[in-house]
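Only one structure is covered here, and it is reproduced in the block below.
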Amino acid sequence: MHRALRVTELLQMILECLAPRDLAAVSTTCRDISLMASDLLWEAPGSLAPLVRQLPTKFKRLEIDPITTIYLFRYDPLTAEDWAVIIRFAKRIKCFNNLTGSKSEGGRYDSVGLSVLEALCDPPYSNPLFPRLQSLHWRDRDEGIFFLPVLMSGSLKHLRFDVTPWIGEPHMWRANSTISEAYDKAASVFNDMGKHCPSLKTFVLPCDPGLADECTARCVSAIRNAVPSLKHLRHFEFDPIDINVLHHLSALPCLRTMTVTLPDELQHAEQLDDSAFPMLDCMKLQHSGSLKPCTDFLRALPRQLLLSHLSVSSHVPGGLKEFLEAVRDKCCSATLRELSINEDWENEDLTQLFAPGFNLTADDIRPSYAFRLLNNFTINTWRSVKFNDDNLLELVDALQDLVSLKLNPYGWNGSGITLEGLSRAVERWNRRKRLEVLGLALDATAMTATEFLALRPRGVPSLSSLKKFHFAPDSDFGENSYFTDLCLGQFMNVKGRRV
1 MHRALRVTEL LQMILECLAP RDLAAVSTTC RDISLMASDL LWEAPGSLAP LVRQLPTKFK
61 RLEIDPITTI YLFRYDPLTA EDWAVIIRFA KRIKCFNNLT GSKSEGGRYD SVGLSVLEAL
121 CDPPYSNPLF PRLQSLHWRD RDEGIFFLPV LMSGSLKHLR FDVTPWIGEP HMWRANSTIS
181 EAYDKAASVF NDMGKHCPSL KTFVLPCDPG LADECTARCV SAIRNAVPSL KHLRHFEFDP
241 IDINVLHHLS ALPCLRTMTV TLPDELQHAE QLDDSAFPML DCMKLQHSGS LKPCTDFLRA
301 LPRQLLLSHL SVSSHVPGGL KEFLEAVRDK CCSATLRELS INEDWENEDL TQLFAPGFNL
361 TADDIRPSYA FRLLNNFTIN TWRSVKFNDD NLLELVDALQ DLVSLKLNPY GWNGSGITLE
421 GLSRAVERWN RRKRLEVLGL ALDATAMTAT EFLALRPRGV PSLSSLKKFH FAPDSDFGEN
481 SYFTDLCLGQ FMNVKGRRV
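Under UniProt numbering, residues 1 to 499 are what the sequence shown spells out, in order.
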């Protein structure tokens, strides 16, 4: 059949839609497409378990319970014939989502022990064991990190680490030497990552905040050495970084998304090149203290960034107005669509949260009104957002394209937004029918139900586009709780939901 009909490509698309069990059946029963089906089946085996099953005489199978199986090495040396079998299947693998364990379609859980990794970590030739591996999501324990060099190859494009299994109780972080050893071994691989994985597009490694300073420094140093060579890198997530890593990242031509914890000192950030971050689209900044380092970083940029998403988080509330002013000056208002600010509070003393000058006011967030095309606007803070009805209407008029608005899901003190003010806002949102998610604090005690209905002879307005209605715990409903629920139900045409 003529190649112009693209039958092979069409058949490939059909096979890609099949479940693994059906694909296995096709590979064993349909001779003409058996090889194609088998290759697809092996592209993403989930873990190493299917690979070691091909050598039952070398790897023993233990059934821990009716749904759990673990494979262990018998410590019988692998022969040249054994390696030939391993290579025949390993060269087909493109993706590992969980190297040492995965669930099968029937709900069974198959895993491999460390002895299996030890047996496979020293292949008898210099070529990569997995030459077509493109994606690796490391979800395994820290003890197996020694196997990481075996997985490095020129085809690798996506490397992600989930370090949750590495982390025990907080008081064990610095005491647990195996975690530090795992990061040290990983750092030794990262030093040469640019040489072994030149096509890498995604790199994600969240650092454990309990790591010893020396171990963290080694990881940062390794990343500093690797980043300049990763010319195809598009997504980068790592913390913490130093100013040198930041400079290297700013020069990457393809970087699209970046999640980093900024260093305390940014006095050299003004030396960034005029073409810094040429393709950056999504930026997430974090800091263990206040927003000031994030503000300083933005102000030091030589030009406006064409971001569509900006997210920032800090552990000390304050400095929001200055940060938003920096965002207004250094982010293009024509491109920014999502803006999220998270202010955490780690101080056991909560008295400051009730201080009169500690509230978040409309004046603090007014600089964000310059971004009139904003779709999603979120402020999570332990402080209370002190808004009145006029402030809310000002926000509605300024940000008319909002799809999601969340102001203060946490606060401690009452808000000044009344049912009447919310109704007027709903009427304005209803003109564009875009708002789907709304979260804020409400004061339903400012007027009685009779007073409210007197202002609304035609009834409560409805916003058909609204799908979720969240209310902060500091909302005050007083004796109007039942009536408020009725109004919220009318806003959404369903019963309101409080958070």
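For every residue, glycine included, the Cβ atom is placed at its ideal position computed from N, Cα and C.
No experiment lies behind these values; they were computed from the predicted model shown.
| request: Starting from ARG88, follow the alpha helix (DSSP H) in both directions and report where the run begins and ends. | output: Taking the sequence shown and counting its residues from 1, one reaches residue 88 at position 88. 80-90 is the extent of the alpha helix (DSSP H) around ARG88.
| field | Candidates ARG299, SER199 and LYS58: closest to GLU81 by CA position | value | The residue you call residue 81 lines up with position 81 of the sequence shown. That would be LYS58, whose Cα lies nearest to the Cα of GLU81.
| message | If contacts are defined as beta-carbon pairs under 8 Å, then LEU159 and THR100 qualify, I think. What distance do you get, rounded to the angstrom? | response | Start at 1 with the first residue of the sequence shown, and residue 159 comes out as number 159. Start at 1 with the first residue of the sequence shown, and residue 100 comes out as number 100. Actually they do not touch by this definition, with Cβ atoms about 17 Å apart.
| field | CYS332, buried or exposed, once every other Cβ within 10 Å from all chains shown has been counted against 16 | value | One-based indexing of the sequence shown puts residue 332 at position 332. By the neighbour-count rule (16 or more Cβ atoms within 10 Å), CYS332 is not buried but exposed.
| query | So what's LYS195 in DSSP terms, helix, strand or just coil? | reply | Taking the sequence shown and counting its residues from 1, the one referred to as residue 195 is at position 195. Three-state result, LYS195: helix.
| task | Apply the 10 Å Cβ neighbour rule to ALA326 and answer buried if 16 or more other Cβ atoms are within range, or exposed otherwise. | result | Stepping through the sequence shown from its first residue, residue 326 is reached at position 326. With 16 or more other Cβ atoms within 10 Å, it is buried.
| field | At least three beta-carbon pairs within less than 8 Å, the segment 212-222 to the segment 247-256 | value | Using a Cβ-Cβ distance cut-off of 8 Å, the segment 212-222 and the segment 247-256 are not in contact, since fewer than three pairs of beta carbons, one from each stretch, lie closer than that value.
| request: Tell me whether TYR369 sits in a helix, a strand or coil according to DSSP, three-state version. | output: Reading the sequence shown from its first residue, position 369 is the one you call residue 369. Here TYR369 sits in helix by DSSP.
| query | Any idea if THR79 is buried or exposed, counting beta-carbon neighbours within 10 angstroms, 16 or more meaning buried? | reply | By one-based count along the sequence shown, residue 79 stands at place 79. Classification for THR79: exposed.
| Below 8 Å between beta carbons: does that hold for ALA186 and LEU148? | Indexing the sequence shown from 1 puts residue 186 at position 186. Indexing the sequence shown from 1 puts residue 148 at position 148. A contact, by the Cβ cut-off of 8 Å.
| said: Rounded to whole angstroms, what is the Cα-Cα separation between ASN388 and GLY318? | reply: Within the sequence shown, numbered from 1, the residue matching residue 388 stands at position 388. Within the sequence shown, numbered from 1, the residue matching residue 318 stands at position 318. Going by the C-alpha atoms only, they are around 21 Å apart.
| request: Please report the residue range of the beta strand (DSSP E) in which ASN380 lies. | output: On the sequence shown, residue 380 is found 380 positions in, with the first residue counted as 1. Where ASN380 is concerned, the enclosing beta strand (DSSP E) stretches over 376-381.
| Mind checking whether ASP264 and PRO293 have CB atoms under 8 Å apart? | As a working note, residue 264 is residue 264 in the sequence shown. As a working note, residue 293 is residue 293 in the sequence shown. Against a cut-off of 8 Å, the Cβ pair of PRO293 and ASP264 comes out as a contact.
| query | Can you give the Cα-Cα distance for ARG366 and GLU427, rounded to whole angstroms? | reply | What you label residue 366 is simply residue 366 of the sequence shown in a count that begins at 1. What you label residue 427 is simply residue 427 of the sequence shown in a count that begins at 1. One C-alpha to the other measures close to 22 Å.
| said: Going by DSSP in three states, TRP138 sits in which element: helix, strand or coil? | reply: By 1-based counting over the sequence shown, the position of residue 138 is 138. Note: TRP138 maps to strand in three-state DSSP.
| Where PHE452 falls: helix, strand or coil (DSSP) | Against the sequence shown, residue 452 aligns to sequence position 452. Looking at PHE452 - three-state DSSP - the assignment turns out to be helix.
| request: Would you tell me roughly how many angstroms separate the C-alpha atoms of PRO170 and LEU440, rounded to the nearest one? | output: Your numbering for residue 170 matches position 170 in the sequence shown. Your numbering for residue 440 matches position 440 in the sequence shown. Its pLDDT being 42, under 50, PRO170 is placed unreliably in this model, and the coordinates cannot settle the point.
| Residues that DSSP places opposite THR259 in a beta bridge | As a working mapping, residue 259 is identified with position 259 in the sequence shown. Beta-bridge pairing links THR259 to GLU237 and LYS284.
| request: Determine the contact status of ASP344 and GLN286, defining contact as a CB-CB distance below 8 Å. | output: Against the sequence shown, residue 344 aligns to sequence position 344. Against the sequence shown, residue 286 aligns to sequence position 286. No, these two residues do not count as a Cβ contact at 8 Å.
| request: Using 10 angstroms around the beta-carbon of TYR71, count the other beta-carbons present and answer buried if the total reaches 16, otherwise exposed. | output: For this step, residue 71 is matched to residue 71 along the sequence shown. It counts as buried.
| request: Per DSSP, which residues does LEU310 bridge with? Please list them. | output: Within the sequence shown, the letter at position 310 stands for residue 310. LEU310 pairs with MET283 and LEU339.
| SER464 beta carbon less than 8 Å from that of VAL436 | As a position in the sequence shown, residue 436 is number 436, starting the count at 1. As a position in the sequence shown, residue 464 is number 464, starting the count at 1. The sequence shown places Glu at residue 436, rather than the Val named in the question. In this structure, SER464 does not lie closer than 8 Å to GLU436 by Cβ.
| Could you give the distance in angstroms between the alpha-carbon of VAL385 and the alpha-carbon of ARG61? | If you number the sequence shown from 1, residue 385 lands on position 385. If you number the sequence shown from 1, residue 61 lands on position 61. Approximately 59 Å, taken between the alpha carbons.
| message | Please return the same chain residues whose Cβ sits closer than 7 Å to the Cβ of VAL494, not counting the five positions on each side in sequence. | response | Here residue 494 is taken as the residue at index 494 of the sequence shown, counted from 1. With a pLDDT of only 48 at VAL494, under the threshold of 50, the placement of this residue in the model should not be trusted; the figure read from the coordinates follows. Excluding sequence neighbours, VAL494 sits near nothing in its chain.
| Of the residues ARG434, ARG432, ASN408 and VAL460, the one placed nearest LEU442, counting alpha carbons only | One-based indexing of the sequence shown puts residue 442 at position 442. Comparing Cα-Cα distances from LEU442 to each of ARG434, ARG432, ASN408 and VAL460, the minimum goes to ASN408.
| task | Give the DSSP-derived three-state secondary structure of SER290 in the structure shown. | result | On the sequence shown, position 290 is the one that residue 290 refers to. Note: SER290 maps to coil in three-state DSSP.
| message | Measuring straight from C-alpha to C-alpha, what distance separates ARG53 and ASN225? | response | If you number the sequence shown from 1, residue 53 lands on position 53. If you number the sequence shown from 1, residue 225 lands on position 225. Approximately 39 Å, taken between the alpha carbons.
| request: For the beta strand (DSSP E) holding THR68, just list the boundary residues, first then last. | output: Mapped onto the sequence shown, residue 68 falls at position 68. 68-73 is the span of the beta strand (DSSP E), which, as asked, contains THR68.
| query | Who are PHE59's beta bridge partners in DSSP? | reply | Position 59 of the sequence shown, counted from the start, is the residue given in the question as residue 59. Partner(s): PHE73.
| said: Let's test the definition: count the other Cβ atoms within 10 Å of the Cβ of THR127 and tell me whether it reaches 16, buried, or not, exposed. | reply: For the purposes of this step, residue 127 is identified with residue 127 of the sequence shown, where counting begins at 1. The sequence as given places Asn at residue 127; Thr does not occur at that position. By the neighbour-count rule (16 or more Cβ atoms within 10 Å), ASN127 is not buried but exposed.
| query | Under 8 Å between the Cβ atoms of LEU306 and THR335? | reply | As a working mapping, residue 306 is identified with position 306 in the sequence shown. As a working mapping, residue 335 is identified with position 335 in the sequence shown. Contact: yes.
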